[in-house]
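Heads up, the thing below is written out as structure tokens.
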Amino acid sequence: MTTITAITLEVSDVEAAKSFYDKAFGIADRLRFVSSDAPTNGFRGVVVSLVVAEPAVVDSLFDPAVAAGATVVKPAKKSFWGYGGVLVAPDGTIWKIASSSKKDTGAPLRVIDDIVVLIGADDVAVTKGFYVAQGLTVAKSFGRKYVEFDGGAGAVKLALYGRKAAAKDAGVPAEGSGSHRLVINGDTVDFVDPNGIVWAGAKDRSHIAS
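Using full-length UniProt numbering, you'd call the opening residue of the sequence shown number 1 and step up by one each time.
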């Protein structure tokens, strides 16, 4: 089964990005950074979600991220689906921090249950078929609306949503162009998906700052 081992963010200032993510989320084992000035404008077609146990855990990640320089898109609050919010990191990556629970029960703070890379796909069905052919296993599927792949224990997960739906959920306009500024690292060969998302296999990545 193909799994995601890390996410590489293409940023203008590697050291600043490393500092931000260390203060905000503490997920250095899942992030890599590489310097890039590739043109990008508007919605990049990707949202990274941090799924946690309860509202207090959301706040324990959301508030430090804002203090470290993130911009709030959607304040963390209760909704029909639970509790969560959306912010944009200084490098431009959109992060959603959410819990399906609306009540606190004393769960450990700053503990992330799942990291999910959500791709705003131009065609969910086509993209789903592509990833199945690449060795990913479907865990959940709701027609052409939403697909979630099985990431395996402790691995970063991948999910698909329509581009407009993904942008709406994140609270940003769907329009965008240029680089995604994100590369998915996995135990696979290098490839590019139908939406232009680049995957880098487990070959030498000496140019990437961890």
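Don't be surprised by glycine CBs; every beta carbon is placed ideally from N, CA and C.
query, result
"Inter-stretch contact (C-beta, 8 Å, three-pair minimum) for the region 178-186 and the region 138-150", "no"
"Check whether residue 11 and residue 36 have beta carbons under 9 Å apart", "yes"
"Endpoints, alpha helix (DSSP H) assigned at residue 169", "163-170"
"8 Å contact criterion, which residue 32 and residue 2 should meet: CB distance rounded", "The pair is not a contact, with the Cβ atoms about 18 Å apart (cut-off 8 Å)."
"Continuous alpha helix (DSSP H) assignments of at least 4 residues falling wholly in the region 4-70", "14-24 and 55-67"
"Start and end residues, alpha helix (DSSP H) containing residue 130", "124-133"
"Inter-residue spacing [alpha-carbon to alpha-carbon] between residue 76 and residue 133", "37 Å"
"Local conformation of residue 206 per DSSP, three classes", "Summary for residue 206: the model assigns pLDDT 34, below 50, so the residue's position carries little reliability; its value from the coordinates is reported in the next sentence. Correct three-state label for residue 206: coil."
"Among 93, 78, 38 and 79, nearest to residue 65 - alpha-carbon criterion", "93"
"The region 148-157 / the region 173-182 touching (three or more Cβ pairs under 8 Å)", "no"
"For residue 121, the nearest candidate out of 109, 198, 162 and 111 (CA to CA)", "162"
"Sequence-distant residues of the same chain with beta carbon closer than 6 Å to residue 171, five excluded per side", "73, 74 and 86"
"Three-state secondary structure assigned by DSSP to residue 148", "strand"
"Separation of residue 21 from residue 60, as counted between CA atoms", "14 Å"
"Chain-order list of residues whose beta-carbon lies under 7 Å from that of residue 88 (same chain, five-residue window excluded)", "70, 71, 73 and 94"
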